[in-house]
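>
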Amino acid sequence: METTTKLNDNELDLSKLDKVLDDIEQGNESLLIPALQMAQALYGYLSIPVLEKIADHLQIPLSRAYGVATFYAQFRFKPSGKYVIKVCRGTACHVRGSKGILEALERELNIKDGDVTPDLKFSIETVACLGTCFLAPVIMINDRYFGKLTSKKIRDVLKEYENR
Amino acid sequence: MEKLKTTADLEALRKSLLEAYDPNKTRVRICMTGCRAFGAVEVREALKNEIEKLGLQDKIEIIDTGCHGFCAVAPVMVVEPQGIFYHSMTVDDVPEIVSETLVKGNIIDRLIYKDPVTEEKFPYEKDVPFYKDQIKVVLRNCGKIDPKDIMQYIARDGYSAIAKVYSEMKPEDVIETVKSSGLRGRGGAGFPAGMKWGFARAAKGDKKYIICNADEGDPGAFMDRAVLEGDPHTVIEGMLIAAYAIGADEAYIYVRAEYPIAVEHIHIAVKQAEELGLLGDNILGSGVNFHLHIKEGAGAFVCGEETALMASIEGRRGMPRMRPPFPANSGLWAKPTNINNVETFANVASIILKGSDWYAAMGTEKSKGTKAFALAGKVNNTGLIEVPMGITIRKIVFDIGGGIPNGKEFKAVQIGGPSGGCLTTQHLDLGVDYDSLTAAGAIVGSGGMIVMDEETCMVDTARYFMNFVQSESCGKCIPCRVGTRRMLEILTRITEGKGKDEDLDLLLEMAQQIKVSSLCALGQTAPNPVLTTMRYFRDEYESHITGDCCPSHVCTELFEFRIDAEACKGCGLCKKQCPVECISGERRQPHVIDPAVCIRCGVCFDVCPFDAISKTHEHLYRWTCKEEALA
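Respectively, the protein sequence lines represent chains A and B.
Heads up: the first sequence is residues 107 to 270, going by this note's numbering.
Heads up: the second sequence is residues 6 to 636, going by this note's numbering.
Given below as structure tokens:
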């Protein structure tokens, strides 16, 4: 895992996290996952200082918090881009060519699935299924859906965002 | 909202809602869940603005509903009281929709459904062929009510099942009713729900839990999503009834975070139910307490497995454990727990109100009732359907589904997601039920149905599923953690043209071992896609290994793109778009693809305006190189 390279984010404002933790019962381990979800909603990703604070509040070792956080695909350990591109790799999308769409995106942006562009503008994630199979193959860029894609169409979609 | 203190209060509320309802008022039922992905939000905004512009907001009501099911023609809407069905509306259609249909009741021809072959018109929802063979029990309110308004649920007999249970039935009666209805768990395993409730009831302990498994993880399945988004109260009511039956006072709905609209709608539903006193303490004066919490998943497919799900609620890694003990005896925090799927709970209120005989009259001898399926893939009418058990695959794919697009041939339908199997042309007249599908090597599963055509490679499909399972494996047991990785390596080699003769026997041997020795159903069912594709499509595997080609033109190492020199007009569009610059040619001269550089991305194939580019698996460049090397 590449998490070790970005894990000393000491400039983060941890007071925001304090507010969130006020609503979470101290020492109640079963609230670990909701706590991690709220922290990620605040900062966009989970850093070691954030994990330490949560572990401390719930009175569990940091290793346990880290072990749970790394188990679940939802949690990111590096910041995501301004535009998060989610590529659906569900069965219906796969059968309609989503692998080619993912490869086209990786080529165009010169990054791999799970990475963010150096200017932090785009990041690519794959999702097992977005549940909008009638649009296959489909991607989401933040909240917007782009469906019935081809390798050609995906370049037009990216052009629209590159100009922003 | 004032709290309802007795079942009589609820009945009085329902009566007053029905009395206040004007059936002749013009209403628009527009899908605002799945259709959001295809323009429904903009259309709805435009409708609202146009109606207000004309000062008609008191005369015309817009109802934001859940999924109507016919997703292929999204966005969809129905105009009441006539029941006119419109689809594929755009913002530009809105002024005419308002002035012609909503005000005058006239039908706009271009917006109604027409059979693509006969061009016969079906302006009314009740006649649209897609809906003809469907029976909606689980989906009865989806598309009809606003899921964010509990009153609309109550007006359609909502919560009258739990009122009947509190007033007239003992817990044993409830269990007996569910048992005799024949309802089997709809999450995929098909275990009789009534029997499971019986175990939890019999378990010793004064603290018991109900869990609703809303972690619908099968790619290609979205039935539970539609129910949670479009009719969350039916799930809450089902859980209330189950809680009464087993003696539980607390419950969790575990819903995957990837369904934000479902999460939002359940939160609203629970809040409204609590405000009315339908959740909380002393519900409807019955003395029963029931508190419902919502937990979001965090992106782990394995958490759909019941013991992993409970671990996740407890704040741990989602790793399954041995059973026995079963959750009914020792589940959440070691207390007796009854866990059921969303769709299972969504059936319960109807069974209580209409009786077990009514439910058991539908379906087959061992698989009673209806099943919701998410129909997707290479089929015309992709969408959400609910049909009686026992209906044939042919009816689903060709009648309801409208057949295969672009004149292609049906090849297979994959049922049951990564745990499931394929059914082929020889199974088209098989009735869908738990036992007949198991005999054919497939499973009913949660309800995801992916149709595949001649351009789907079955080896690639098997590899795709194995890749999914491998990445979602929790890692606890060796057969799954290591076994699926090795099987994936072999499958990947085969799709890259590096297959060996002994690979197929090795895959079969490993599949059997992994099935038998994995800790949980994820590992135990992981080999199923490989087993069924090898059973019915062994020749395709052999083409990849000994024939060195992919006849469906999917595996990139095993087919090529060729430009037909006669059809090519030399427009240069393909050359311009090619990301690896492997196409050469002068303007107005036939162009040529260099197969050594080509990465088979398909852009040239997509953009050629003359259909001059085709896929082939014969005389591949890699063969000619091999032959030259051997010569």
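Even for Gly, the Cβ is constructed at its ideal location relative to N, Cα and C.
Based on Cα-Cα distance, which residue from B:Pro393, B:Cys217, B:Asp229, B:His270 lies nearest to Glu311 (chain B)?
Answer by Cα proximity: B:Cys217.
> For Thr387 (chain B), return the contacting residues in chain A, with the cut-off set at a CB-CB distance below 8 Å.
Ala198, Cys239, Phe240, Ala242, listed in chain order.
> I'd like to know whether the C-beta of Val201 (chain A) is nearer than 9 Å to at least one C-beta of chain D.
No chain D is part of this structure, whose protein chains are labelled A and B.
> On the three-pair Cβ rule with 8 Å, is the stretch 479-486 of chain B touching the stretch 524-535 of chain B?
Yes, the stretch 479-486 of chain B is in contact with the stretch 524-535 of chain B.
> According to DSSP, simplified to helix, strand and coil, what is Met454 (chain B)?
It is a strand residue.
> Starting from the beta carbon of Ile455 (chain B), find every residue of chain A whose beta carbon is closer than 7 Å, and list them in chain order.
Per Cβ cutoff of 7 Å: Thr197, Ala198, Val201.
> Measure the alpha-carbon distance for Arg468 (chain B) versus Thr561 (chain B) and round it to whole angstroms.
Each residue's alpha carbon lies about 14 Å from the other.
> Taking a contact to mean a Cβ-Cβ separation below 9 Å, would you say Ile448 (chain B) touches Ser424 (chain B) in this structure?
Taking 9 Å as the Cβ cut-off, Ile448 (chain B) and Ser424 (chain B) qualify as a contacting pair.
> Output the boundary residues of the alpha helix (DSSP H) element that contains Gly528 (chain B).
526-530 is the span of the alpha helix (DSSP H), which, as asked, contains Gly528 (chain B).
> Per DSSP, what kind of secondary structure is Asn294 (chain B) in: helix, strand or coil?
Here Asn294 (chain B) sits in coil by DSSP.
> Tell me, please, whether the stretch 420-435 of chain B touches the stretch 161-168 of chain A by the rule of three or more beta-carbon pairs shorter than 8 Å.
They do not touch, by the three-pair rule.
> Under 9 Å, Cβ to Cβ, is there at least one residue of chain B near Ile139 (chain A)?
It does: the Cβ of Ile139 (chain A) has a partner Cβ on chain B nearer than 9 Å.
> Span of the beta strand (DSSP E) holding His639 (chain B)?
Only positions 6 to 636 of chain B appear in this structure, which leaves residue 639 (chain B) out of reach.
> Within 9 Å of any Cβ in chain B, is that where the Cβ of Leu142 (chain A) sits?
Yes, Leu142 (chain A) lies at the interface with chain B (some Cβ there is under 9 Å from its Cβ).
> Can you give the Cα-Cα distance for Gln277 (chain B) and Ile155 (chain B), rounded to whole angstroms?
If I take the Cα positions, the gap works out to 7 Å.
> Starting from Val233 (chain A), follow the beta strand (DSSP E) in both directions and report where the run begins and ends.
Val233 (chain A) -> beta strand (DSSP E) spans 228-233.
> Does the CB of Glu158 (chain A) have a neighbour CB from chain B at under 9 Å?
No, Glu158 (chain A) lies away from the interface with chain B (no Cβ there is under 9 Å from its Cβ).
> Just the Cα atoms here: how many angstroms apart are Thr123 (chain B) and Gly407 (chain B)?
Distance between the alpha carbons of Thr123 (chain B) and Gly407 (chain B): 12 Å.
> Is there a Cβ from chain A that is less than 9 Å from the Cβ of Cys479 (chain B)?
Closer than 9 Å to some Cβ of chain A, the Cβ of Cys479 (chain B) qualifies, so yes.
> Would you please state the rounded distance, in angstroms, between the beta carbons of Tyr214 (chain B) and Thr38 (chain B)? I believe it to be under 8 Å.
With a Cβ gap of about 29 Å, Tyr214 (chain B) and Thr38 (chain B) do not count as contacting.
> Since Arg567 (chain B) is in the beta strand (DSSP E), which residue starts that stretch and which ends it?
Segment 565-568, the beta strand (DSSP E) holding Arg567 (chain B).
> Below 9 Å between beta carbons: does that hold for Leu389 (chain B) and Ala231 (chain B)?
Contact flag set, yes.
> Hey, would you say Ser229 (chain A) sits closer than 9 Å to Ser257 (chain A), going by beta carbons?
Taking 9 Å as the Cβ cut-off, Ser229 (chain A) and Ser257 (chain A) do not qualify as a contacting pair.
> Taking the C-alpha atoms as reference points, what is the distance between Glu414 (chain B) and Leu9 (chain B)?
Their backbone Cα atoms lie some 57 Å apart in a straight line.
> Take Thr12 (chain B) as the anchor and find which of B:Gly252, B:Val83, B:Val46, B:Leu281 has the nearest alpha-carbon.
Considering only alpha carbons, the answer is B:Leu281.
> Okay, do the stretch 153-161 of chain A and the stretch 197-209 of chain A touch, 3+ Cβ pairs below 8 Å being the bar?
With the cut-off at 8 Å, the stretch 153-161 of chain A and the stretch 197-209 of chain A do not touch.
> Between the C-alpha atoms of Phe177 (chain A) and Ser317 (chain B), what's the straight-line distance to the nearest angstrom?
Phe177 (chain A) and Ser317 (chain B): Cα-Cα distance of roughly 11 Å.
> Distance check for Val418 (chain B) and Lys383 (chain B), CA to CA, integer angstroms please.
Roughly 9 Å separates the two Cα atoms.
> Which two residues bound the contiguous beta strand (DSSP E) that contains Gln419 (chain B)?
Start and end: 415-420.
> Assign Arg326 (chain B) to one of three DSSP states: helix, strand, or coil.
Correct three-state label for Arg326 (chain B): coil.
> Between the stretch 72-79 of chain B and the stretch 18-31 of chain B, do at least 3 Cβ pairs fall closer than 8 Å?
The stretch 72-79 of chain B vs the stretch 18-31 of chain B: no contact.
> Got a sec? Which residues, its chain only, sit under 6 Å from Val559 (chain B) by beta carbon, not counting five neighbours each side?
Cys462, Asp465, listed in sequence order.
> Name, please, each residue of chain A whose Cβ falls closer than 9 Å to the Cβ of Cys76 (chain B).
Per Cβ cutoff of 9 Å: Thr238, Cys239, Phe240, Leu241.
> Name the chain A residues whose beta carbon is nearer than 7 Å to that of Gln475 (chain B)?
Simply none; closest approach about 13 Å.
> Establish whether the CB of Tyr251 (chain A) and some CB of chain B are separated by less than 9 Å.
Closer than 9 Å to some Cβ of chain B, the Cβ of Tyr251 (chain A) qualifies, so yes.
> Please return the same chain residues whose Cβ sits closer than 8 Å to the Cβ of Val293 (chain B), not counting the five positions on each side in sequence.
So the qualifying residues of the chain are Tyr171, Ala248, Tyr249, Asp254, Asn287.
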